[in-house]
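Only one structure is covered here, and it is reproduced in the block below.
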Amino acid sequence: MVNIYELLNRIIVNKRYSLSPNLFIEADRTELSEEERSIFDLLKNIVSLGTKIHNDGIEFHPMFVMADGSRTFSIEDISEDDYLILHSLKLEKMPLILRALIADILWTNKKEFNAAKIAANAYWELFTFWYRDDDNVGTIDIIRRAVCISAQTKQTLLFEKIQGWFVDFLEKKAANNDGFFALRVMELFFGQKNFDVSIFLPVLDDLIDGNSDNIAKVEQAYKLKTECLFKLKRKEDAIKNNNLLADYYLEFAEKIFKKDIQGALRAVNFYQKGIMLYRNNGESDKADAAHKRLVEIQKEIPKIMVPFSVELDIKGVIDNLKANMEGLSFEECVIRLTQMFVFEKQEDIKKSVIEEFKDNPISHLFGKSLINAQGQTVLALHPLDIHDPEKDPKLMELHMYQNALEKQKVAGDIWVKNALIIIRDKFVIDKSMVEFLVKDNPIIPDGRERIFQSGLYMFLNGDYYEALHILAPQVENLFRNIAREVGGLTVTLEKDGSSMEKVLSSILSLPELVDCYDNDILFTFRGLLNEQAGANIRNEIAHGIISEYACSTGVCLYFGVAVIKLLSLTSASCYQILKNSEKLKHFEMPRKDALKVIH
Numbered sequence: 001m002v003n004i005y006e007l008l009n010r011i012i013v014n015k016r017y018s019l020s021p022n023l024f025i026e027a028d029r030t031e032l033s034e035e036e037r038s039i040f041d042l043l044k045n046i047v048s049l050g051t052k053i054h055n056d057g058i059e060f061h062p063m064f065v066m067a068d069g070s071r072t073f074s075i076e077d078i079s080e081d082d083y084l085i086l087h088s089l090k091l092e093k094m095p096l097i098l099r100a101l102i103a104d105i106l107w108t109n110k111k112e113f114n115a116a117k118i119a120a121n122a123y124w125e126l127f128t129f130w131y132r133d134d135d136n137v138g139t140i141d142i143i144r145r146a147v148c149i150s151a152q153t154k155q156t157l158l159f160e161k162i163q164g165w166f167v168d169f170l171e172k173k174a175a176n177n178d179g180f181f182a183l184r185v186m187e188l189f190f191g192q193k194n195f196d197v198s199i200f201l202p203v204l205d206d207l208i209d210g211n212s213d214n215i216a217k218v219e220q221a222y223k224l225k226t227e228c229l230f231k232l233k234r235k236e237d238a239i240k241n242n243n244l245l246a247d248y249y250l251e252f253a254e255k256i257f258k259k260d261i262q263g264a265l266r267a268v269n270f271y272q273k274g275i276m277l278y279r280n281n282g283e284s285d286k287a288d289a290a291h292k293r294l295v296e297i298q299k300e301i302p303k304i305m306v307p308f309s310v311e312l313d314i315k316g317v318i319d320n321l322k323a324n325m326e327g328l329s330f331e332e333c334v335i336r337l338t339q340m341f342v343f344e345k346q347e348d349i350k351k352s353v354i355e356e357f358k359d360n361p362i363s364h365l366f367g368k369s370l371i372n373a374q375g376q377t378v379l380a381l382h383p384l385d386i387h388d389p390e391k392d393p394k395l396m397e398l399h400m401y402q403n404a405l406e407k408q409k410v411a412g413d414i415w416v417k418n419a420l421i422i423i424r425d426k427f428v429i430d431k432s433m434v435e436f437l438v439k440d441n442p443i444i445p446d447g448r449e450r451i452f453q454s455g456l457y458m459f460l461n462g463d464y465y466e467a468l469h470i471l472a473p474q475v476e477n478l479f480r481n482i483a484r485e486v487g488g489l490t491v492t493l494e495k496d497g498s499s500m501e502k503v504l505s506s507i508l509s510l511p512e513l514v515d516c517y518d519n520d521i522l523f524t525f526r527g528l529l530n531e532q533a534g535a536n537i538r539n540e541i542a543h544g545i546i547s548e549y550a551c552s553t554g555v556c557l558y559f560g561v562a563v564i565k566l567l568s569l570t571s572a573s574c575y576q577i578l579k580n581s582e583k584l585k586h587f588e589m590p591r592k593d594a595l596k597v598i599h
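Mapping the sequence shown onto the UniProt record's numbering, position 578 (from 1) lands on 578, and the numbers just tick up by one.
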């Protein structure tokens, strides 16, 4: 039989990343006394913990947390009895790597001062044991803890010893180091009180001059140099340094933007950073010139992008549409369109987002940038929380708009476009034929029947560009009118007594409107008209940037049919036609293979 300390020193070696619960096997456990087996089990759980180390602290967390909320061992699982066991251990007899961990837990969670002294010295000893000029992987966190704990507990001799090593490193080795380690250690000592950061400046200049092709390294060096200059109360030099970083961003962007789409998108990001630096550091002329160049670069992005295409066989879809419109009058065909259209429920959209997230978690880790036809990023859509997708309701809502948009595009291009073509092939449409949708329709504001009729006629007749320029603002006004009718306040009151119409997003969120109107319809039109994560049609039209081609595709066609559906819900004529038409009471469902992917 062996004691716990002999066993630990036999199974654990002081190598980087060597501490693992897999070292604690049952065969070794049986060699211990019954009392020490409980210590063995506790230590096995503790070494399974993950850690996140900052310059000023440490966080202990479960190594794995599953989607259903289950997890591996957590720091919260250590009981008061467990802490008594840890306190009773002879830490000096433990392997160095385990000694540092246990002592750190006792210091961080229980503020045991003696444990802090042991932890700081153990971390420093580990660092000197592991660090090599040509191999510093895994050592930055170790020196962070040594510095942090020795500073917190005023272990002056140890702190001065570490500081002496650091100064020697800066003077002799930092310039030849890979750069990132040197930068991180400088950031660590930057945060220490009364440290003379002026010794960083020549090292940072060397890193900037010697790594022009490594933007991550140069960026970090410039930023740290700015912080040092401000700390040294050299404000003018700090501002100059910020503008030098802006110059560097633009120079680097020009090198990479024509390489590929990733290079182009990175170039946009660097130009944006440079412009902000110029603006914030007194170089407005440079900022304006850089902004003009940014717009030129963004225009090139759609040309560089490689489209992802899928070839579909939609003959089954068209056959089904024709079958369902066979023998119908024009009015019946339009109502058939509305029968095929369903306002998707918000809960179903949310469920779809969550299911996609769970089915493909890796593809949802990084978020995405939404780019318009001019190559400009209109929205950076951040990823959902991997453990709790619904943690941020606002972010979830953005993902819901984006999810709905993708389906609306497909429905518009495959179903709506072909349904409208079939209707135009069957009938010569004139303006009077769409009067049944608007006549005596209570949802349409007074005096707006004719303009709605014109927009609907143009849409059904294939003049989509003109139709959307009428329908989008009129639908916005329609919802404003409903909000006013139910007591919602649709105007602002400014300090000078003037009033302005509230923006559409505010109108569609008014409690009075939300309480009395179908929320799924409101969600659909908010996404179609006003959300950057959605189609944003209203704003594209208001700024005059939507193209004629865009109005004849996907989501714009979907919007047109959504308007027809909306009006049909309150149209007495539509109700009578639907009530009296035997043909509209029968609907042929499409076959499962109506839509085929060729390749």
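Where is the CB? At the ideal position from N, CA and C, for every residue including glycine.
Residue interval of the alpha helix (DSSP H) (run including residue i)
i              : result
residue 631    : Given that the chain is displayed from residue 1 to residue 599, the structure contains no residue 631 and the question cannot be resolved.
isoleucine 143 : 140-152
glutamate 355  : 346-359
isoleucine 102 : 96-110
glutamate 501  : Neither: glutamate 501 is in no alpha helix (DSSP H) and is coded neither H nor E.
histidine 87   : 80-88
tryptophan 130 : 113-130
glutamate 283  : Glutamate 283 -> no alpha helix (DSSP H), and no H or E assigned at all.
threonine 553  : That residue, threonine 553, is in no alpha helix (DSSP H); it is neither H nor E in DSSP.
glutamate 227  : 215-231
lysine 407     : 393-411
methionine 589 : Element bounds for methionine 589: n/a, residue is neither H nor E.
Three-state class that DSSP yields for residue i in the structure shown
i             : result
lysine 579    : helix
aspartate 425 : helix
lysine 368    : strand
aspartate 385 : coil
valine 486    : coil
leucine 312   : strand
residue 672   : No statement about residue 672 is possible, as the shown extent of the chain runs from 1 to 599 and does not include it.
lysine 439    : coil
valine 65     : strand
lysine 596    : strand
valine 13     : coil
aspartate 135 : strand
valine 185    : helix
residue 652   : The chain is shown only over 1 to 599; residue 652 falls outside these bounds and no answer can be derived.
valine 2      : coil
Residue burial classification, residue i (beta-carbon count within 10 angstroms, cutoff 16)
i              : result
proline 393    : exposed
serine 150     : buried
lysine 193     : exposed
aspartate 81   : exposed
valine 185     : buried
aspartate 104  : buried
tyrosine 249   : buried
leucine 529    : buried
threonine 524  : buried
methionine 433 : buried
glutamate 283  : buried
glycine 274    : buried
asparagine 324 : buried
alanine 287    : buried
glutamate 397  : buried
serine 568     : buried
glutamine 220  : buried
Inter-residue CB distance, residue i and residue j (contact presumed, cutoff 8 Å)
i              : j              : result
asparagine 481 : proline 445    : 4 Å
alanine 246    : leucine 277    : 4 Å
arginine 538   : alanine 483    : Actually they do not touch by this definition, with Cβ atoms about 16 Å apart.
isoleucine 577 : glutamate 332  : 6 Å
glycine 412    : valine 555     : 5 Å
asparagine 418 : isoleucine 318 : 5 Å
arginine 99    : isoleucine 78  : Actually they are not in contact, since the Cβ atoms of arginine 99 and isoleucine 78 sit about 17 Å apart, beyond 8 Å.
Alpha carbon of residue i to alpha carbon of residue j, nearest angstrom
i                 : j              : result
alanine 572       : glycine 455    : 20 Å
threonine 139     : leucine 170    : 16 Å
tryptophan 124    : asparagine 136 : 14 Å
lysine 439        : glutamate 449  : 7 Å
phenylalanine 230 : serine 38      : 54 Å
serine 499        : threonine 490  : 10 Å
The ligand GTP heavy atom lying under 7 Å from the CB of residue i
i          : result
serine 571 : In the structure on display, the ligand GTP does not appear, and there are no ligands present to speak of.
Range covered by the beta strand (DSSP E) that runs through residue i
i                 : result
histidine 54      : 50-54
phenylalanine 330 : Where phenylalanine 330 is concerned, there is no enclosing beta strand (DSSP E), although the alpha helix (DSSP H) it sits in stretches over 330-340.
glycine 57        : 57-61
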